[in-house]
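Working notes, beginning with the structure itself.
Protein chains: 2
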Amino acid sequence: MSEVKLTRNQGLVFDALQAAEAPLSAYTILDRLRGEGFRAPLQVYRALEKLLALGLVHRLESINAFVACSHPHHDHGESLVAFAICQTCGDVREFAAPAAAAGLRDWAAGAGFKPAKTTIELSGLCRACSAAGA
Amino acid sequence: MSEVKLTRNQGLVFDALQAAEAPLSAYTILDRLRGEGFRAPLQVYRALEKLLALGLVHRLESINAFVACSHPHHDHGESLVAFAICQTCGDVREFAAPAAAAGLRDWAAGAGFKPAKTTIELSGLCRACSAAGA
DNA sequence: TGCCAGACGTTATAGCGTAACACAACGGCC
DNA sequence: GGCCGTTGTGTTACGCTATAACGTCTGGCA
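Here the protein sequences come in this chain order: A and B. If you count by my numbering, then the first sequence holds residues 1 to 134, one letter each, in order. If you count by my numbering, then the second sequence holds residues 1 to 134, one letter each, in order.
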């Protein structure tokens with residue numbers, strides 16, 4: 001377990017994401033940290049950049065938002081991480097997608113494509129919102 | 001084959017995307033169509049909205065850009081479409097990902113999640129750029 | 001012919017992200 | 001301890017992405 005030491009800004013941003021129940025945009029994070037002295041978007045983006053590199057945080061491309069990684073970090077070697085985003089309540093579930101990862105890896109191998117980053121995001125209705133008839 | 005009739009603006013935007021070799025941002029489309037009388041982003045976004053709904057165009061969430069659909073449109077019923085985006089040359093390959101689609105569908109079924117839209121995007125190096133040692 | 005849904009044009013504004021600059025804090029190394 | 005490179009910070013300013021809100025126009029159809 002590597003326990004990297006985070007700087008104050010990085011820690012604050014990470015805490016904000018962990019405390020949130022849904023993904024946060026960079027500007028929402030900024031607003032929540034104004035009380036801690038944050039003033040400019042760059043302070044947030046720089047912290048996020050590091051947290052993303054460390055794998056502590058994920059970026060949701062389809063909604064321009066960020067979430068704390070929900071897994072204790074087994075270094076997600078072979079199986080990619082995917083996200084299910086509820087369009088109604090905004091809740092996000094992070095899950096491993098080994099079968100999908102394998103399928104994409106096969107295609108990439110055949111096409112000579114070398115993937116550096118893979119994005120898999122489902123938008124739809126979570127069980128609760130679906131049941132609520134939304 | 002449905003052959004929906006497009007309006008002038010929709011046709012211009014679609015043509016611009018088909019003529020382009022790489023994905024275009026909405027603002028790039030706007031600039032290319034200024035000669036045709038386009039003046040505001042909304043003219044582009046409204047046309048894109050319709051084209052996306054018709055399935056003639058895809059949106060690449062990870063780079064905020066748009067491409068014309070490269071398949072003649074077999075209504076991609078069961079197998080989702082995925083994209084491989086070269087970080088060096090910007091080229092995009094669209095491909096079907098039946099295995100990945102099946103894996104995600106299984107997870108969704110188990111989790112009670114009803115997907116409305118699925119995004120699968122690989123960023124990396126295409127065969128040519130990879131060979132060029134980039 | 002008259003209606004009306006859909007498309008269009010325009011202005012303004014909100015939200016997302018980065019460039020460029022200067023300075024401070026930390027850590028290794030002699 | 002003093003040097004020095006790396007990393008993080010703070011600030012200003014700016015560019016790109018996307019939508020709100022308004023009114024007008026057009027074309028298909030009863």
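Virtual Cβ for every residue (Gly too), placed ideally from N, Cα, C.
query	result
Bridge partner(s) assigned by DSSP for residue 118 of chain A	B:122
Residue 22 of chain B vs residue 66 of chain B beta-carbon contact at 8 Å	no
Residues within the stretch 119–133 of chain B neighbouring chain A, beta-carbon criterion of under 7 Å	119, 120, 121, 122, 123, 124, 125, 126, 127 and 130
Residue 62 of chain B at chain A interface by Cβ criterion, 8 Å	yes
Close Cβ partners of residue 8 of chain A (< 6 Å) along its chain, the five nearest in sequence each way excluded	none
Continuous alpha helix (DSSP H) assignments of at least 4 residues falling wholly in the stretch 38–105 of chain A	41–54
Per-residue DSSP class, three states only, for residue 30 of chain B	helix
Alpha helix (DSSP H) segment containing residue 11 of chain B, residue limits	8–19
Contact under 8 Å by Cβ, residue 112 of chain A with residue 127 of chain B	yes
Member of A:107, A:92 and A:93 whose CA lies at the smallest distance from the CA of residue 99 of chain A	A:107
Contact set between the stretch 108–119 of chain A and chain B, restricted to residues whose Cβ is under 9 Å from the partner	108, 111, 112, 113, 114, 115, 116, 117, 118 and 119
Exposure of residue 103 of chain A, with buried meaning 16 or more beta-carbon neighbours within 10 Å	buried
Contact check, residue 53 of chain B vs residue 79 of chain B, beta carbons under 8 Å	no
Chain-ordered neighbours of residue 19 of chain A on chain B, where CB pairs are closer than 8 Å	By Cβ distance, chain B contributes nothing, its closest Cβ being about 24 Å from residue 19 of chain A, past 8 Å.
is_contact[residue 55 of chain B, chain A] using C-beta, thresh 8 Å	no
Beta carbon proximity, residue 93 of chain B to chain A, threshold 8 Å	yes
7 Å Cβ shell around residue 125 of chain B - same chain, five flanking residues per side excluded	86, 87, 88 and 134
Proximity to residue 116 of chain B [Cα-Cα], best of B:105, B:131, B:129 and B:90	B:105
Residue 19 of chain B versus B:92, B:129 and B:68, residue with shortest Cα-Cα distance	B:68
Length of the line joining the Cα atoms of residue 121 of chain B and residue 64 of chain B	12 Å
Separation of residue 10 of chain B from residue 94 of chain A, as counted between CA atoms	37 Å
Below-8 Å beta-carbon distance, residue 100 of chain B vs any chain A residue	yes
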